[in-house]
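Have a look at the structure below, then the notes.
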Amino acid sequence: MNILAIETSCDETSAAVVADGVRVLGHVTASQMEIHRQFGGVVPEVASRRHVEAITRVVDTALGQAGLSFSDLGAIAVTMGPGLLGALLVGVTAAKAYSLATGLPLVGVHHIAGHVAAAMLEEPDRPAVRPPFLCLVASGGHTELHEVDASFRFTRLGGTRDDAAGEAYDKVARLLGLPYPGGPEMDKLARLGDPARFPFPRGLLDDPSLDFSFSGMKTAVLVALDKLKRVGQAVPVEDVCASFQAAVVEVLVEKTRRAARATGHRTVVVAGGVAANRGLRAAMRAMADEEGLAVHFPSPALCTDNAAMIGAAAYPRASAGRFDDLELGAYADLTLEEWQSGRYPLD
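One point on numbering: in numbering that gives the first Met the number 0, the residue at position 220 of the sequence shown is 219, and numbering is uninterrupted.
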């Protein structure tokens, strides 16, 4: 089954054609990064307007790369939430219009399920992963641990109680005056700094739950910067980045280790934008070696928002005949439980 997938949950307008949930036949992403960088973050109204301008072009280009037409497709998939509501609406409306015009069935996809499914795509340097497995999702809006069963259904084990890891990275980067997006820049600078210079707290590391908390780490950075300013010292940016990253990575790795021990899973997937972080990848691989686990990361290009992952996540539902109708909505705060049950908010 060839699936045309659309992703517009934030500031990337992306379309892809995915075969049988594993092979990417065509994939195009129009980035808005340069537009939003001048504001230090994503401006929702600007993002929505840019999606409107780009959506038909990226769909046409993805189909052209695949060498296919709508008659060669089996379904149309789209991110229905969570995300920026205006941005989501552009993608959902476009997908419904294509579905209505072609008669192809429609599949609404949860954004987090998409990030996880990115590991299920075939890539030249990495074999595709098949569930069941344990998954850590770490991105700008989400930090969660899930069990994923053989039918690609999710059971939540824990999640952040406040800021997500990627959100904390971006906020600390802003405190340091680093350009948007801050996470990748901090990862680069962290390799040049001393991770022991600042003893930032490890949020909830001593808590027996599998939950996370990163707001305290962000506040600790602010306090440290204020102290340096009061005594007239220059900010050692590389050391702050290295120390902050060491704190975040330690918590992510240790909570994942505990989840693997508790569930008995021997395969671990790390997905989401923060999964591209080199420090996290190295620490996760070291932990996996210690525990005898297999750990898998999507390629960095598939860790960020993209439509290929949406096509991969749509395949299990489409192959089971679980389609949505033209009443499909866009939901800023959609949970995985709501998506799996089909009981969407406001229905």
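Glycine residues also receive a C-beta, built at the ideal position from the N, C-alpha and C atoms.
Check	Outcome
Whole angstroms are fine: how far does the CA of Phe153 sit from the CA of Gly176?	38 Å
Based on the DSSP output, what are the partners of Ala163 in its beta bridges?	Its beta-bridge partners do not exist; DSSP assigns none.
Could you say which of Ala313, Leu204 and Val115 lies nearest to Ile159 if we only look at CA atoms?	For the record, residue 159 in the displayed sequence is Thr; it is not Ile. Nearest option by C-alpha distance: Leu204.
Can you tell me whether Asp346 is buried or exposed? The criterion is at least 16 other CB atoms within 10 Å of its CB, across all chains shown.	Reliability fails at Asp346, whose pLDDT of 46 lies under 50, so the model's placement of it is uncertain and the value that follows must be treated cautiously. It is exposed - the Cβ of Asp346 has fewer than 16 other Cβ atoms within 10 Å.
Give the DSSP-derived three-state secondary structure of Gly40 in the structure shown.	coil
Going straight from the alpha carbon of Ala270 to that of Pro178, what length do you get?	23 Å
Could you name the residues of the same chain whose beta carbon sits closer than 7 Å to that of Arg173, not counting the 5 residues immediately before and after it, in chain order?	Gly39 and Gly181
Run the CB neighbour count on Ser68, radius 10 Å, all protein chains shown included, and call it buried at 16 or more, exposed below.	exposed
Can you give me the C-alpha to C-alpha distance between Leu251 and Ala274, rounded to a whole angstrom?	11 Å
When you compare the segment 115-122 with the segment 214-232, are there three or more beta-carbon pairs, one atom per stretch, that lie closer than 8 Å?	no
Work out the CA separation of Tyr330 and Asp148 for me, nearest whole Å.	25 Å
What are the boundary residues of the alpha helix (DSSP H) that includes Gly278?	Arg277 to Glu290
When you compare each of Met308, Leu335, Thr334 and Gly341 to Phe366 by their alpha carbons, which one comes out closest?	Only positions 0 to 346 of the chain appear in the structure, and residue 366 is not among them; the question remains open.
From the DSSP output, in three-state form, read off Cys134 for me.	strand
Locate the alpha helix (DSSP H) running through Gly66, then write down its first and last residues.	Segment: none, Gly66 is in no alpha helix (DSSP H) and carries neither H nor E.
What residue range does the beta strand (DSSP E) around Glu11 cover?	Glu11 to Ala18
Quick one: what does DSSP say Thr55 is sitting in, helix, strand or coil?	helix
Restricting to runs no shorter than 3 residues, where is the beta strand (DSSP E) found entirely within the segment 85-123?	105-109
Going by CA-CA distance only, name the one from Asp193, Asp162 and Leu292 that's closest to His264.	Leu292
Under DSSP, the beta strand (DSSP E) around Ala76 begins and ends at which residues?	Ala74 to Gly80
Per DSSP, what kind of secondary structure is Asp346 in: helix, strand or coil?	With a pLDDT of only 46 at Asp346, under 50, the local geometry of the prediction cannot be trusted, and no value is derived from it.
Look at the alpha carbon of Met185 and the alpha carbon of Gly113, and state the distance between them as a whole number of angstroms.	25 Å
Is it right to say Pro123 is buried, meaning 16 or more other beta carbons lie within 10 angstroms of its own, or is it exposed?	exposed
Does Glu326 come out as helix, strand or coil in the three-state DSSP assignment?	coil
Please state whether the Cβ-Cβ distance between Leu191 and Leu103 is less than 9 Å.	no
For Ala287, which of Gly320, Val268 and Asn276 has the nearest alpha-carbon?	Val268
Which residue marks the beginning of the beta strand (DSSP E) containing Arg152, and which one marks its end?	That residue, Arg152, is in no beta strand (DSSP E); it is neither H nor E in DSSP.
Using 8 Å as the cut-off, can you tell me whether the segment 288-308 makes contact with the segment 193-202, which would need three or more C-beta pairs spanning the two stretches below that distance?	no
Quick one: residues in its chain with C-beta nearer than 7 Å to the C-beta of Arg36, no 5 flanking neighbours on either side, listed in chain order?	Pro178 and Tyr179
Give the DSSP bridge partners of Leu224, in chain order.	Answer is none; Leu224 lacks a bridge partner.
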